[in-house]
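To keep things clear, I will list the structure first and then write my remarks on it.
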Amino acid sequence: GVCSSGEATEISATTLGTFTTAQNLLNGNMNSAAVKYLQISMQLPDQSETTVNGVLPTPTIQGGTVYITYTFNYAQRIAQTLNS
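Below, the structure is given as structure tokens:
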């Protein structure tokens, strides 16, 4: 989908296996009332396979399972007093 306030790419298309460390998603500071929405898009690789006379190839991709876990952490900056 498209955000009405515009889009910003935080991480370009990358294979999951290349993430060996935590990724920072927001560039710069945010105001106290700011709202950010995060959209994650995932594309699975082509997994076509051909059966011969009804016999599946070995190994087969059918019935496979993959688990992906997303963990989001945020850090709040130290409070500052302004215009007091």
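Residue numbers for the sequence shown follow my numbering, so the first one is 14 and each next one is one higher. Heads up, the beta-carbon is just placed ideally off N, CA and C, and yes, glycines get one too.
Exercise. Measuring CB to CB, does L38 end up less than 8 Å from E20?
Worked result: By one-based count along the sequence shown, residue 38 stands at place 25. By one-based count along the sequence shown, residue 20 stands at place 7. At least 8 Å separates the beta-carbon of L38 from that of E20.
Exercise. Nearest to F85 by CA position, among Q60, A26 and Y50, is which residue?
Worked result: As a first step, residue 85 is located in the sequence shown; it is residue number 72 there, counting from the start. Closest by alpha carbon: Y50.
Exercise. For I74 versus Q56, is the C-beta distance shorter than 8 Å?
Worked result: Counting from one through the sequence shown, the residue named residue 74 turns up at place 61. Counting from one through the sequence shown, the residue named residue 56 turns up at place 43. Contact flag unset, no.
For this session: Report yes if the CB atom of T78 is closer than 8 Å to the CB atom of P70, and no otherwise.
Result: Numbered from 1 along the sequence shown, position 65 holds the residue referred to as residue 78. Numbered from 1 along the sequence shown, position 57 holds the residue referred to as residue 70. Taking 8 Å as the Cβ cut-off, T78 and P70 do not qualify as a contacting pair.
For this session: Alpha carbon to alpha carbon, how far is Q52 from Q93? Give it in angstroms, no decimals.
Result: Position 80 of the sequence shown, counting from 1, holds the residue named residue 93. Position 39 of the sequence shown, counting from 1, holds the residue named residue 52. One C-alpha to the other measures close to 30 Å.
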